[in-house]
Structures are given as structure tokens and as C-alpha cells.
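Worksheet for the structure shown next.
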Amino acid sequence: MELFNHLIFGFSVALSLQNLLYCLIGVLVGTLIGVLPGIGPVATIAMLLPLTFNVPPVAAMIMLAGIYYGAMYGGSTTSILVNLPGETASVVTCIDGYQMARQGRAGAALAIAAIGSFFAGTVCTLLIALFAPPLAQFALKFSSAEYFSLMLMGLVAAAVLAHGDMVKSLAMVVVGLLLGIVGADVNSGIKRFSFGFYELADGIGVVTIAVGVFAVGEILSNLSDPEERQVFTSKVTNLFPTKEDLKQSFGAIVRGTGVGAFFGVLPGTTPAIASFSSYMVEKKLAKDPSRFGHGAIEGVAGPESANNADAQCKFIPMLTLGIPASGTMALMLGALMIYGIAPGPQVMTEKPDLFWGLIASMWIGNVMLLVLNLPLIGMWVSLLKLPYRLLFPAIMAFSAIGIYSTNNSSFDVYLMAIFGILGIVWRMLDCSPVPMMLGFVLGPMVEENLRRALQVSRGDPSVFVTRPFSLAFIVATVLILIVMAAPAVRKWWGTAEASSR
Amino acid sequence: MNIELRSNKDFWAGILLIVTGAASIFIASGYPFGSTMRMGPGYFPSVLGAILLLFGIYVMIIGLRRGEKIAVHCSLRALIVLSLSLVAFGVLMKHAGFIPALVVLIFGSASAGREVKFVEVLLLTVTLTGLSVAVFIWGLGLPYPLIKGF
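Here it is, written out as C-alpha cells:
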């Protein structure tokens, strides 16, 4: 019963006019950038974050979340219609979705993608409402030792499950941790790594680093890598799937949601991995696997449910434990801190309106997407014709204004340029910037908890393996490392990633 | 240095990590280290730097053994033009106002692209600047002078 009270409270928050408006803006912007290749949710959220400083935190978080899951819907639209995934999560949808479109069944594919996403979104809203409170209750009992081990597990898992070289990803986490502790040390007041710049005394802003690496860095890599975009649009007729379609996709939607929710709570996994895994599951289970690749509706229903489920379940570790499981979540966590809310299990009890309002808004946002998306498809497709050479200067302008306005500081704009250059250098050297973001956001907390745990234990590091939960996290960390380092697993994961890219 | 090494992806990744790690140890050596029981401000960055150094050496060796090439390329022109546009924006925001800063940034960024059509870039600059003034100055009320001195 408590669950329903919480949800009703959440809906009472989310249904306020202001929050509804921000939710709508969020999902529309999300769909837009989901449709447009070359700009992803991380860059968009980073770019828009400075504009939300005058907005109440609840409304701001609702909007930012809407951008994130809205992008999942938008990505599928272009995959199906023009064989062009707007987001990496929708790559597998191209395989059967585009084939369906070519057979004149674009409407059915789009509708099934939307229905699947909506189903997944609904289930995940319930999952969060169901599991977040006990998880947070449990985490409230943690001391510094458990926190440190938990963060270690989160960071290691995120690094080894992320695509790319495992050792380099781990190294990037360390780079992020180092960037995270730039600025005045809380205990001694010594300004670390500030190179004499007083602007660095408060540390590097999460928005500065995210916009630099993900917006500017991505623009640089897009400008350097010529890729012609051609748009062949198929006509969308008959939006309603047949009874047969619905019957065929029902199982796939349920399974896809399950797969997505499972991967969702694992740190480091991207929605792309969830959708790819779901595709493989459907192909394995199909009576006639040869239909796949030739317009099998399950190949759209499963992956599209999976990537939406993954995106939404990523909120569970972020909201309850303060552990970001992806680049976007790292940014959302940074946003919470900017709004003056310390992330962690206490968010639910101290800011119930934010917590439950956000969860309820996700369901409302999913309804909006379901209702709005299909009628607006024509508009999204016409936006695809917007050439990149007109798009990226706009991204540059909005990013620069946003960064400047954060502290009224030109220094932050220079810093953003530096991180843009670092972003492209890291990409060239195949060092994934996402683990860096996670390390960056958690840096100060990792140090603080390590320091406190060792202070209490009088310098005895065995504290991390003698406290049962801490030990469990350490064992899990080691297991993840061993399993993922095994050549066979590594190879399987590598092919999964490669095909989902 | 031979050509092979110059485009060796992991070799350079290793070097970058080693340099970052070594620099962090060096800078952190100027802060009190403390003890494990009472970690000083130098403790955590020194340990991280050491870990990074080890990772870097490992990655560099892997690079020498595998010799994988850099696959992503970076247009030096775009890199320089975009960075300079941002720097110009920062300087002009302080000394000349919102409109000149934006005009230079948008015009500069747009000309970093591959196919640059002058008229199109001009139109884009005017449109985007107008839009930004409307949204950020009039709409959101950011307190920046449009042009300094007016």
C-alpha cells in the first residue's frame, strides 16, 4: 500500500503545471536529438544544464530525465524510416525495422517500437518504485568502508563493461578521479592541481568537462570524419499494427523489458548492449530465425523495449546509492550536486518530492512520447534533412553561452576548449571518456570515504574486507575483473559491442 | 622515430597515461602526504598517479606488441579554428559584449566545416545570434550587455 501512496504523491508532484511543461520540453528535446545523429543525450543535457539553474530542482531533473529517455524513442524513428540510427542504442533496430519499412510496414514498426518502449517504461517505473526504497534503506546503514567498496565496484564494473580496452578504461577512471579532486581539499584547504588559477579553487565544473569532452569533442570528431548523410524517406501509412503483429511482438516486448532492466542496473553497460542482447535472445527463441534481417517484427519490439528499460533502470543505482551507471547518469548526479542536493540514499527521505516526482514524471513522459511521437513523425523526418554544417555551430554557440553563464567566467570557456581537445585526443587513442566522467563525479566522494574509513580503522586497510558488506563488494569487484578478463568472455563482449556500434 | 611508432594507438595512449600519472605524483609531492591513518592532501593523488603510471606502462607495452594504428582522425584545421573561436568568445564576452562574442564564435565555428558557403554561414550567424539574444538575454534574462559601451 505504501508503494501506491508514494506513487500517488509522486504523481501529485509531477502533474503540477510547471513540471508537466518541463517534462514535455524534455521529451521533445530528447526526441529531437534522438532523431539527429551527431548529438547525443550527454552533450545535450550538459548544454542545457546551465539554463536550469533558476528552475526548481524537481522540474529541472524531470526535464533532464525526459531528454534521456526521449532520445531512446527518437533514435528508433530514424532507424526504422531511413536506416540511420540517431543513437547507438537503436543500431540493431535498423536491421529489421528498416526492412519492415521497405516492405511498406513502417507504420507497424514505428507503432510497435513506441508500444514496446511504453511498456518497458511503465514496467521500469514500477520497478524503481518497488526496489528503490528498500535499496536506499539498506544503503543508509553503510559506513565509509562500505561506501568506498561500493564505489570501487561501481567504477570498476563501469570501466570493464564499457566498450573498448579494459585496462585503458580503468586508467580513464583514474584520470577522472584525479580531475575530480582538482581544487581546495576539504580537510586542509590546500588547493590541489590548481596551477595558480583561482578559478580552479572550487574544482572543475561537471558541465564544463561534459560539454568540452562530449559536445566539442564530438563535433571535432564529426568534422574530421567525413560521412555523407543521405535521406531516403519511406512513406508512413497505416500506423496501426495488425492483431498478428501484436501477438508476435508481445513476448518479445516482455523479454526485451527484462533484458533491458537487467542490464540497466549494471554499471557501464550502454542501452546499445541491452538492445543487442535482446535481439540475440529473440533470434535464438524464434521458431524461424531466418526471418530476422528480413523484417521480423520481434527484431524491432525486443530491442526497442530493451533500450528504454535499460535507460530508465539506470536511475535505480543513481537515485538510491548515488552511483552513476552511465555517462548520462554521472551528469545527472553532477546536476543534483549543483542544485545543492547531496546524492545518496538520503535523497529519498530528505527530498521525497524530487524522488517520487521524478519517477512519476517518467511514466507521464512515456505517455507523452507515445501520444506525441507518432503524429510528429513527419516533422522529425524533415528535421533529418537539416545538414550538420548548420547544426554544429548552433551547438557551439549554446554550449559556450551555457558554460559562460554558469560562473560568468571566460576561464570556463577556455577550459571547455581544452577539454574539447582532450576529448578528441582520447577518442583518437581509443580511451573512452565515459569511465572518466564517472570517476570525475565520484572523485571527491571516493577520497573522502577512503580517508574516513582508514581514520576509523586507525590506518588498518583490512577494514574493507572484515566488514561483511564491504567484503561482498570487494569480492564482486574482483569477480567482475576476473570474469571480464577471461579471453572467451572478452571476445563475446567484444563482438556484442562491435555489432551494436 | 619511425613511422610505425608515430601512428601506434596504444603506444601513445600509454605515453599520455604515464605523463599524466608522473605529473600528478610530481605535483602531489608538494602537498603533505600524511599517513594511511591520517591521509594528507597528497596521499590520494600520489596513489592514483602511481596506479596510472603502472597502467600507462602496461598499455605502452601492449601497443609496442600489437602495433594497432590510430583509426580516428582529427582535422587539425577544425581543431585550431574551433578552439580559437571559443577563446575569442571568452575574450569578447568580457570586453566587447554578447553580440560580437557570438558573431565571432558562430562565424568562426561554421568556417571550421568542410564545405563552407559564405552566404550560408553569414545567414546562419545572423539567425543564430538573433535567436540567442531573444532566448538568453530577453527570454532568460542573462545580464550581459549586447554591445559594450552602448
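Protein sequence lines correspond, in order, to chains Z and B.
The first sequence runs 17 to 517 under this note's numbering.
The second sequence runs 11 to 160 under this note's numbering.
Yeah, the Cβ is synthetic: ideal placement off N, Cα and C, and Gly gets one too.
Spatial neighbours of residue i in its chain, beta-carbon cut-off 6 Å, leaving aside the 5 residues before and after
i               : result
D261 of chain Z : A124 and I313
G418 of chain Z : M63 and P66
F435 of chain Z : I225, G228 and V229
L487 of chain Z : V481
L497 of chain Z : none
Y355 of chain Z : P73
L115 of chain B : S95 and F99
F489 of chain Z : S165, L166 and M169
L386 of chain Z : A130 and F134
C447 of chain Z : K184 and M188
F414 of chain Z : M63
Close beta carbons around residue i, own chain, < 7 Å, minus the five adjacent residues each side
i               : result
S237 of chain Z : I440 and R443
Q264 of chain Z : I313 and E314
C110 of chain Z : S95, N99 and P101
H105 of chain B : K158
H22 of chain Z  : A145 and W372
A144 of chain B : none
F27 of chain Z  : A376
Y295 of chain Z : V108, G315, G318 and P319
E18 of chain Z  : none
P55 of chain B  : S34 and A38
7 Å Cβ cut-off: residues of chain B touching residue i
i               : result
K184 of chain Z : A23 and V69
G475 of chain Z : S45, T46 and M47
Where the alpha helix (DSSP H) through residue i begins and ends
i               : result
G180 of chain Z : Counting along the chain, G180 of chain Z falls outside any alpha helix (DSSP H), and DSSP gives it neither H nor E.
N423 of chain Z : Y404 to N423
K104 of chain B : L86 to H105
N389 of chain Z : P368 to L400
H22 of chain Z  : E18 to A30
K19 of chain B  : K19 to A38
F154 of chain Z : A122 to L156
Q119 of chain Z : That residue, Q119 of chain Z, is in no alpha helix (DSSP H); it is neither H nor E in DSSP.
P359 of chain Z : Looking at the DSSP string, P359 of chain Z is not in any alpha helix (DSSP H), and its letter there is neither H nor E.
I490 of chain Z : P484 to A501
A226 of chain Z : V222 to A226
I206 of chain Z : Premise fails: I206 of chain Z is in no alpha helix (DSSP H) and is neither H nor E.
G59 of chain B  : Y53 to R76
Y430 of chain Z : S426 to M444
A341 of chain Z : First-last for A341 of chain Z: undefined, no H or E at that position.
L335 of chain Z : F331 to L337
F213 of chain Z : From DSSP, F213 of chain Z is part of no alpha helix (DSSP H); its letter is neither H nor E.
V457 of chain Z : P449 to V472
F117 of chain B : F108 to A120
I235 of chain Z : G233 to S240
L132 of chain B : F128 to S142
Contact set between residue i and chain Z, taken where Cβ atoms lie within less than 7 Å
i               : result
R48 of chain B  : Q471
F146 of chain B : I417
A88 of chain B  : L236, L239 and S240
Same chain, Cβ closer than 8 Å to residue i, five either side skipped, listed in chain order
i               : result
L407 of chain Z : L52, G54 and I55
R517 of chain Z : Confidence at R517 of chain Z is low in this model, with a pLDDT of 44, below 50, so the placement of that residue is unreliable and no value is reported for it.
I25 of chain B  : G66 and M70
V189 of chain Z : L171, V172, A174, A175, P451, M452, L454 and G455
V113 of chain B : T135 and T139
F427 of chain Z : F213 and E215
Per-residue contacts from residue i into chain Z (C-beta, under 8 Å)
i               : result
P55 of chain B  : L194, I197, R208 and F209
K104 of chain B : S426
P51 of chain B  : D201, N203, S204, I206 and R208
Proximity test, residue i beta-carbon vs the ligand HEM heavy atom, cut-off 7 Å
i               : result
V176 of chain Z : By its list of ligands, the structure shown contains no ligand whatsoever, and the ligand HEM lies outside what it can speak to.
Integer-rounded CB distance, given that residue j should sit under 8 Å from residue i
i               : j               : result
I83 of chain Z  : G46 of chain Z  : 4 Å
T46 of chain B  : L470 of chain Z : 6 Å
R208 of chain Z : I197 of chain Z : 6 Å
A322 of chain Z : G276 of chain Z : 4 Å
G59 of chain B  : D20 of chain B  : Not quite, the Cβ-Cβ distance comes to about 20 Å (not below 8 Å), so this is no contact.
Residues that residue i contacts on chain Z, provided the C-beta gap is smaller than 9 Å
i              : result
I37 of chain B : R208, F209 and F211
V82 of chain B : S237, S240, D241, I440, R443, M444, L445 and D446
Neighbour list for residue i in chain B, Cβ cutoff strictly below 8 Å
i               : result
I437 of chain Z : L89 and S93
- alpha helix (DSSP H) runs wholly inside the region 257 to 314 of chain Z, at least 4 long, in chain order: Whole alpha helix (DSSP H) segments, 4+ residues: 259 to 281 and 287 to 301.
- Go through the region 52 to 94 of chain Z residue by residue and report every complete run of the alpha helix (DSSP H) that reaches 4 residues or more, in order. Assignment of alpha helix (DSSP H) within the region 52 to 94 of chain Z, counting only whole runs of 4 or more residues, yields 57 to 64 in chain order.
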